[in-house]
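**Student:**
Numbering (the numbering used here), first residue to last: 861 to 1319.
Written out as structure tokens, the structure reads:
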């Protein structure tokens, strides 16, 4: 109720698309830090990472740690460069950049692909919250997804990025307080570290940092590219007031993410002391907060998890609403639409996206499974065109379309053939490799044709 009230109050000041999409490009380091960090700490970073810690041990650090590394690269490499372009050309979305660099066709293809993928990651956030309510109060999954979807849709639709940034700041404070209290308290309740080690699975590499079970440094291959070029994060970067704010705000968010990365896996490991035989690994964090802590302390921890899920969900809803309203509606359906009409469509797109994600969340089985769909499609479709486009003006539309098609096709084929197995990064990097290869081949062929045509003209 408090988050909704704050969002509606701030949303009264949002009357133009520029405020909704990029907060008027007025975000300072503190608000940019808060909204980027809050966007990165969501279902995968809490419920999902704790589940990986419960299953695989300490190497689950790399799930959130890899996101921190990708965010660090965004702060000092991609972020400042793309902010300058966005400022110069008054860009609102990543789709705006893709059209500026490659043309309308590339913009449309990527927007459509990411709309499908983004629904999957938003559904993952809602599933995580549903697990919380299921453990705490026996609330059915469908009701938990509906409650979480309703909260984030209402306050985000009110004011977009401006509302999201301020609400994220509140959520971040709750999150830090909750986890700072829950971890040491749960460790004490478990009987100390020696008791935790004794309760942990008797596997030789369970406390290995680089790899244990299916977790480890391999997560970098899946997550670093996704967090480096995530449209939701890049559009938050657009809202910064200058390049220094990008480096400082996003850079500090990356450092905080690297430090936070150890907390959920440790809570997952601790869960073995309270619930050694969970049927669902992703119930590890709710189990610690309800079985391992007094009700008052557990409630604070649960509030922190709720803040994490909702703050990340609104960042994803941000991608959905801006993509549909700016990249698809204004560009292809009604180019003459006024600023007020685009803002109205953006708000209704948020409602539509929230409702669609609730429906999808009822069919997807797990948080990590839902997130892997998004990260794979994001990496194989956007990584090569966006990164190459920032550093060279020579490639054009044919290279970009060929790269997107090859990346998606190869990743999908790998998934269907079962090549990826338990490691989603196999399909991701096969797709990125195919995307880069085809991009290079098309660029080389077009270069040879241009040279041949130039020689013919001189003759």
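Just so it is clear, CB atoms sit at the ideal spot from N, CA and C, and this is done for glycine as well.
Model, not experiment: these values are computed from the prediction.
DSSP three-state call for residue 1076: helix, strand or coil?
**Tutor:** Here residue 1076 sits in strand by DSSP.
**Student:** Check residue 1220 in the structure and name its three-state DSSP category.
**Tutor:** Helix.
**Student:** Whose C-beta lies closer than 7 Å to the C-beta of residue 994 among residues of the same chain, with five residues either side of it excluded?
**Tutor:** The residues are 1001, 1004.
**Student:** Is the region 1136 to 1150 close to the region 1160 to 1168, with three or more CB pairs under 8 Å?
**Tutor:** Touching, yes.
**Student:** DSSP on residue 1309, reduced to helix/strand/coil?
**Tutor:** Residue 1309 falls in the helix class under three-state DSSP.
**Student:** Which ranges does the beta strand (DSSP E) cover as unbroken runs of at least 3 residues, wholly within the region 910 to 946, from first to last along the chain?
**Tutor:** If we require 3 residues or more, the region 910 to 946 turns out to have no beta strand (DSSP E) run fully inside it.
**Student:** Buried or exposed for residue 978, going by 16 or more other Cβ atoms inside 10 Å?
**Tutor:** Flag for residue 978 reads buried.
**Student:** In angstroms, rounded to a whole number, what distance separates the CA positions of residue 1048 and residue 1038?
**Tutor:** Looking at the two C-alpha atoms, the distance is approximately 16 Å.
**Student:** Is the distance from the Cβ of residue 914 to the Cβ of residue 1128 below 8 Å?
**Tutor:** Closer than 8 Å, so yes.
**Student:** How big is the Cα-Cα spacing for residue 1236 and residue 1270?
**Tutor:** Straight-line Cα distance between these residues: approximately 11 Å.
**Student:** Pick helix, strand or coil for residue 1071, following the three-state DSSP scheme.
**Tutor:** Of the three classes helix, strand and coil, the one that applies to residue 1071 here is strand, per DSSP.
**Student:** Could you give the first and the last residue of the continuous alpha helix (DSSP H) run that contains residue 1115?
**Tutor:** Here the alpha helix (DSSP H) through residue 1115 covers 1111 to 1120.
**Student:** Taking 8 Å as the threshold (C-beta atoms), are residue 1087 and residue 934 in contact?
**Tutor:** Contact: yes.
**Student:** Going by beta-carbon coordinates alone, are residue 1124 and residue 988 separated by less than 8 Å?
**Tutor:** For residue 1124 and residue 988, no; Cβs fall outside 8 Å.
**Student:** Which residues mark the beginning and the end of the alpha helix (DSSP H) in which residue 969 is found?
**Tutor:** Here the alpha helix (DSSP H) through residue 969 covers 964 to 997.
**Student:** Quick one: what does DSSP say residue 1260 is sitting in, helix, strand or coil?
**Tutor:** Of the three classes helix, strand and coil, the one that applies to residue 1260 here is helix, per DSSP.
**Student:** For my contact list, residue 899 and residue 912 are in at a C-beta cut-off of 8 Å; report their separation, rounded to the angstrom.
**Tutor:** Contact flag wrong, Cβ pair sits at about 20 Å.
**Student:** With a threshold of 8 Å on Cβ separation, who are the neighbours of residue 1191 within its own chain once the five nearest residues in sequence on each side are excluded?
**Tutor:** Cβ neighbours of residue 1191 beyond the five flanking positions: 955, 959, 964, 967, 968.
**Student:** Where does the unbroken alpha helix (DSSP H) through residue 893 begin, and where does it stop?
**Tutor:** Residues 889 to 900.
**Student:** Kindly indicate which residue of 1221, 1198, 1178, 897 has the alpha-carbon position closest to the one of residue 1210.
**Tutor:** Considering only alpha carbons, the answer is 1178.
**Student:** At what residue ranges does the region 1129 to 1170 contain a whole run of the alpha helix (DSSP H), taking only runs of 4 or more?
**Tutor:** Those alpha helix (DSSP H) runs which fall completely within the region 1129 to 1170 and span 4+ residues are 1144 to 1151.
**Student:** Rounded to whole angstroms, what is the Cα-Cα separation between residue 1161 and residue 1140?
**Tutor:** Taking the straight line from one Cα to the other gives about 20 Å.
**Student:** May I ask you to report which of helix, strand or coil DSSP gives residue 1271?
**Tutor:** Here residue 1271 sits in helix by DSSP.
**Student:** Taking only the alpha-carbon atoms, compute the straight-line gap between residue 1296 and residue 1263 and give it to the nearest angstrom.
**Tutor:** Whole-angstrom Cα-Cα distance: 6 Å.
**Student:** Buried or exposed for residue 1312, going by 16 or more other Cβ atoms inside 10 Å?
**Tutor:** By the 10 Å Cβ count, residue 1312 comes out exposed.
**Student:** The alpha helix (DSSP H) that contains residue 1092, what's its start and end?
**Tutor:** From DSSP, the alpha helix (DSSP H) with residue 1092 extends over 1091 to 1098.
**Student:** For the region 1027 to 1034 and the region 886 to 903, state whether three or more C-beta atom pairs, one from each stretch, are separated by less than 8 Å.
**Tutor:** Yes, the region 1027 to 1034 touches the region 886 to 903.
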